[in-house]
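These notes are about the structure you will find just below.
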Amino acid sequence: MKDRAMQALYLMALEPVSETTADTRSYGFRKERRCMDAVQQCHNILRKGYSPEWILEGDIKGCFDHISHEWLLANIPMDKAMLRKWLKCGYIFNKQMFPTEEGTPQGGIISPTLANMTLDGLQKVLAEKYKRVRIKGKLYSPMVNLVRYADDFIITCENRETLEKEIKPLVADFMSERGLTLSEEKTVITNICDGFDFLGFNIRKYGNEILTKPTKKAEKRFMENIRKVIKGNKGCRQESLIRMLNAKIRGWGAYYQHGATRDSFHRVDHQIFLSLWQWAKRRHSKKEKRWIKDRYWHNIRGNSWTFAAKFKKSNGKEDQLTLLTLASSFPFLQYTQIKGDMNPFDVDCRLYFNQRMKSKMLVSLKGRKSLLYLWEKQGRKCPICGEPIDTHKAWNVMPTVQNGRKCNLLVHDKCFKLSHKSNDNNK
Numbered sequence: 000m001k002d003r004a005m006q007a008l009y010l011m012a013l014e015p016v017s018e019t020t021a022d023t024r025s026y027g028f029r030k031e032r033r034c035m036d037a038v039q040q041c042h043n044i045l046r047k048g049y050s051p052e053w054i055l056e057g058d059i060k061g062c063f064d065h066i067s068h069e070w071l072l073a074n075i076p077m078d079k080a081m082l083r084k085w086l087k088c089g090y091i092f093n094k095q096m097f098p099t100e101e102g103t104p105q106g107g108i109i110s111p112t113l114a115n116m117t118l119d120g121l122q123k124v125l126a127e128k129y130k131r132v133r134i135k136g137k138l139y140s141p142m143v144n145l146v147r148y149a150d151d152f153i154i155t156c157e158n159r160e161t162l163e164k165e166i167k168p169l170v171a172d173f174m175s176e177r178g179l180t181l182s183e184e185k186t187v188i189t190n191i192c193d194g195f196d197f198l199g200f201n202i203r204k205y206g207n208e209i210l211t212k213p214t215k216k217a218e219k220r221f222m223e224n225i226r227k228v229i230k231g232n233k234g235c236r237q238e239s240l241i242r243m244l245n246a247k248i249r250g251w252g253a254y255y256q257h258g259a260t261r262d263s264f265h266r267v268d269h270q271i272f273l274s275l276w277q278w279a280k281r282r283h284s285k286k287e288k289r290w291i292k293d294r295y296w297h298n299i300r301g302n303s304w305t306f307a308a309k310f311k312k313s314n315g316k317e318d319q320l321t322l323l324t325l326a327s328s329f330p331f332l333q334y335t336q337i338k339g340d341m342n343p344f345d346v347d348c349r350l351y352f353n354q355r356m357k358s359k360m361l362v363s364l365k366g367r368k369s370l371l372y373l374w375e376k377q378g379r380k381c382p383i384c385g386e387p388i389d390t391h392k393a394w395n396v397m398p399t400v401q402n403g404r405k406c407n408l409l410v411h412d413k414c415f416k417l418s419h420k421s422n423d424n425n426k
């Protein structure tokens, strides 16, 4: 615990430096950046008719485990003695100590930032070598672009030969200096018309239109999780099952709703329905289909096949809980990509990030003016921990009493649970 606290302390000093020197098209493990920024950047550079057609999908063999200690000690601007201790401390597995001669600290708070700083600079190397030039009075661009999320990256180019004979060896040399190697099997060159998978999305060009949609693997993995929940709760109440499923559906839907997901969402909704139908049939094997349908599916807002359950709230009033459907609950939402040169530690960028946070919360709280008012009244912060309330962390509404009056507070989900646990212990 002491070691993690010390790493967190050093990270507070190192992170502003790493943000200032970071590649502008790097999005992983960075404040105010997320997967969708990387996916949106791919969309932006590939969507036009004259966009590059060839993509190098980069894969680094065990990135976190093989970064050169010598390179880190020579290039990371922090206390060398402390960094050396963390790098050489090793790890314990099955009560046995294993020394580390390469790689960043196992599970260390500071490790993602160290890895990012190791990989930063590739964008500059590519930009300097593949500049726009004038040939016979015309401006020519090789269309070389890098998009990176942690150790996953793609590089675009107008032709396959340049990627294969120039850029791939250049990247391999860049990695070699840092003790890293590209996986020959997984580092492949793909045409945009065939599509490629990146961060759970399949990005592919159909004619002149680029579509980003969930990968087949992502759909399959999600449905495996859904079926596992349904099969593992054969005897539970319908209300409890809906709550468990809604938590998973909400997370998956929110992640993918910025892509072209209509067909995918309808397909997954149908698979969930089939799994729930089997769940209901097993519970009432002797009942007719009509009885089962009327027992678990109800007509809500014109949809007679809504999986819903009635339950009593803590105040004794009856309410109805419905299962979320991806197609209706998560309509397409245009994502606003972060500006590449914006730094969350730069005071000149503070207004930009405040406006960006407000825009996200306006979308999140659409149709809920009272919650938006509450968020603004609290200074956009959780009154328990003092940290900002935004769309990156789950939050909840906590009923409380202040000055003898009942009121609500917007708090982080973790703070909400800790507060309830503390109240239960004090009873």
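Per numbering that gives the first Met the number 0, the sequence shown runs over residues 0 to 426. A virtual CB, placed ideally from N, CA and C, is assigned to each residue, including glycine. None of the values given here were measured: they were computed from a predicted structure.
One or two residues paired with residue i in a DSSP bridge
i	result
residue 145	154
residue 57	152
residue 192	BP columns for residue 192 are empty, so no partner.
residue 387	380
residue 305	297
residue 401	404
residue 443	No answer is possible for residue 443: it lies beyond the span of the chain, which begins at 0 and ends at 426.
residue 26	For residue 26, which the question treats as bridged, DSSP gives no partner whatsoever.
residue 16	DSSP output for residue 16 lists no bridge partner at all.
residue 205	208
residue 181	59
residue 411	394
residue 187	56
Residue i and residue j closer than 8 Å at C-beta
i	j	result
residue 198	residue 38	yes
residue 108	residue 226	no
residue 321	residue 344	no
residue 141	residue 157	yes
residue 138	residue 147	no
residue 41	residue 202	yes
residue 31	residue 337	yes
residue 190	residue 44	no
residue 200	residue 211	yes
residue 118	residue 170	no
residue 405	residue 398	yes
residue 81	residue 9	yes
residue 358	residue 324	no
residue 339	residue 24	yes
residue 114	residue 63	yes
residue 46	residue 209	yes
residue 48	residue 207	yes
residue 176	residue 70	yes
residue 514	residue 296	Outside the displayed span of the chain (0 to 426) sits residue 514, for which this structure offers no information.
residue 369	residue 390	no
Whole-number beta carbon distance between residue j and residue i, since they are thought to touch under 8 Å
i	j	result
residue 67	residue 178	3 Å
residue 373	residue 407	6 Å
residue 124	residue 173	6 Å
residue 484	residue 222	For the chain, the structure presents residues 0 to 426; residue 484 sits outside this window and is missing.
residue 13	residue 112	6 Å
residue 326	residue 264	4 Å
Report task. Check whether the stretch 56-68 touches the stretch 148-164, taking contact to mean three or more Cβ pairs, one atom from each stretch, closer than 8 Å. Result -> The stretch 56-68 makes contact with the stretch 148-164: 3 or more CB pairs, one atom from each, lie closer than 8 Å.
Report task. Report yes or no: do three or more beta-carbon pairs, one from the stretch 155-167 and one from the stretch 74-88, lie closer than 8 Å? Result -> As far as the Cβ criterion goes, the stretch 155-167 does not touch the stretch 74-88, which means the pair count is below three.
Query raised in the report: Counting pairs of beta carbons, one from the stretch 210-218 and one from the stretch 229-245, are three or more of them closer than 8 Å?
Result: In the pairwise beta carbon analysis, the stretch 210-218 is classified as not touching the stretch 229-245: fewer than three pairs are separated by under 8 Å.
Query raised in the report: Counting pairs of beta carbons, one from the stretch 352-360 and one from the stretch 276-287, are three or more of them closer than 8 Å?
Result: No, the stretch 352-360 is not in contact with the stretch 276-287.
Query - Runs of alpha helix (DSSP H) lying entirely within the stretch 270-295, each at least 4 residues, in chain order - result: Within the stretch 270-295, the complete alpha helix (DSSP H) runs of at least 4 residues are 288-295.
Report task. Would you mind listing the beta strand (DSSP E) stretches within the stretch 61-139 that are 3+ residues and don't spill past its ends, in chain order? Result -> Within the stretch 61-139, the complete beta strand (DSSP E) runs of at least 3 residues are 90-92, 95-97, 132-134, 137-139.
Report task. Mind the definition here: the stretch 59-79 touches the stretch 238-252 only if three or more C-beta pairs lie below 8 Å; say whether that holds. Result -> Contact fails: fewer than three Cβ-Cβ distances are below 8 Å.
Query raised in the report: Is the stretch 311-331 close to the stretch 260-267, with three or more CB pairs under 8 Å?
Result: Yes: the two stretches touch, three or more of their Cβ pairs being nearer than 8 Å.
Query raised in the report: What are the complete beta strand (DSSP E) segments, minimum 3 residues, inside the stretch 306-370?
Result: Unbroken beta strand (DSSP E) runs of no fewer than 3 residues, entirely contained in the stretch 306-370, are found at 317-321, following chain order.
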